[in-house]
Amino acid sequence: MIMHQIYIVLFAVFTLFISGCGAIHTSIAKKDLDVQTKLSTSIFVDPVPSQQRKIYMEVRSAVMEFDRNVFRQSLITQIESSGNGYQIVDSPSDAQYSMSVFVRNLEKASPTAAENYLSRGYEGVAAGSAVAFASGSGYRGAAAGGIIGGLVSTATNAFVKDVTYLLVADIQIKERARSGVIVRRDSKTNTKISDDGATTQTYSEATDQKEYRTRVVTTANKANLELEEAQPLMFEKTAYAMASFF
5 MIMHQIYIVL FAVFTLFISG CGAIHTSIAK KDLDVQTKLS TSIFVDPVPS
55 QQRKIYMEVR SAVMEFDRNV FRQSLITQIE SSGNGYQIVD SPSDAQYSMS
105 VFVRNLEKAS PTAAENYLSR GYEGVAAGSA VAFASGSGYR GAAAGGIIGG
155 LVSTATNAFV KDVTYLLVAD IQIKERARSG VIVRRDSKTN TKISDDGATT
205 QTYSEATDQK EYRTRVVTTA NKANLELEEA QPLMFEKTAY AMASFF
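See below:
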């Protein structure tokens with residue numbers, strides 16, 4: 005009986021050590037905030053004289069946690085400090101360009117390490133059962149060893165989590181065409197009326213504005229990351245990417 009208890013304690017310590025190693029590895033490897041921004045496609049607007057380098061900007065979002073005012077200010081700062089001479093104006097009639105930003109997502113994504121931690125937890129239970137059974141303690145000891153191993157692993161991993169936040173923004177830029185240039189736009193929209201059918205609208209129009217669309221995706225990753233820590237650099241890098249269009 006004493007040997008059986010010793011085996012369980014030793015296994016619990018061993019499991020704690022293994023789990024702790026995994027947690028320590030994550031905390032070291034992910035100790036620094038890593039923010040990456042990618043574009044679905046690049047946008048190239050036509051160069052214009054300095055007096056025409058004016059942008060009317062709208063920032064919208066369906067995400068409650070997204071601070072539109074803070075992001076808007078970050079975007080204004082990046083555009084006006086780019087060195088290319090662009091400025092933000094309040095009226096679309098005064099602007100050569102109009103940029104509409106719609107933030108679709110700002111949320112916690114599933115970290116890739118989650119599967120690894122789940123796998124280690126399962127292996128911990130299996131190893132506990134094997135040790136207890138080999139000691140001759142029977143199925144009751146095997147269950148106890150497995151439960152203790154699993155609980156220790158879960159408790160240890162709870163302190164260190166690999167967290168990723170994701171920001172997805174759709175951007176539409178409209179640019180006034182040069183004098184004498186007419187832009188023809190053909191559009192087709194499908195609208196679902198009910199489960200039984202939908203309607204399709206097709207229309208063409210002549211306009212004096214070119215239109216560009218792209219998507220910006222920014223990720224932030226760190227151990228035990230909170231949105232309050234991730235958001236400032238995510239906003240800065242996303243705004244920097246959008247400012248590069250001008």
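Here this note's numbering is used: position 47 in the sequence shown is 51, and no number is missing along the way.
Note that the Cβ used here is the ideal one computed from N, Cα and C, for glycine as well.
Delimiting residues of the beta strand (DSSP E) encompassing residue i
i    : result
M103 : 101 to 113
M61  : 58 to 65
V74  : Unbroken run through V74 is the alpha helix (DSSP H), 72 to 84; no beta strand (DSSP E).
Assumed close pair residue i, residue j - CB separation to whole angstroms, cut-off 8 Å
i    : j    : result
N109 : V167 : Going by Cβ atoms, the distance from N109 to V167 rounds to 15 Å, so no, they are not a contact pair.
A99  : K58  : 5 Å
R217 : A173 : Going by Cβ atoms, the distance from R217 to A173 rounds to 12 Å, so no, they are not a contact pair.
E240 : K214 : About 28 Å separates the two Cβ atoms, so there is no contact after all.
A234 : A224 : 4 Å
A92  : A247 : Going by the sequence as given, residue 92 is Ile instead of Ala. Not really, about 11 Å apart at Cβ, beyond 8 Å.
V67  : V105 : Not quite, the Cβ-Cβ distance comes to about 12 Å (not below 8 Å), so this is no contact.
T203 : L171 : Not really, about 33 Å apart at Cβ, beyond 8 Å.
M238 : I177 : Between I177 and M238 the Cβ distance is about 21 Å, and since that is not below 8 Å, they are no contact.
K226 : D36  : 7 Å
Beta-ladder partner(s) of residue i, from DSSP
i    : result
L171 : L110, T222
Q91  : K58
K214 : E179
D38  : N225
D166 : A227
Limits of the unbroken alpha helix (DSSP H) element including residue i
i    : result
K241 : 231 to 247
Residue i CB to nearest heavy atom of the ligand MN below 8 Å
i    : result
R217 : This structure lacks the ligand MN, and indeed carries no ligand of any kind.
Any contact of the stretch 32 to 47 with the stretch 77 to 89, i.e. 3+ C-beta pairs under 8 Å? Counting Cβ pairs under 8 Å, fewer than three are found: no touch.
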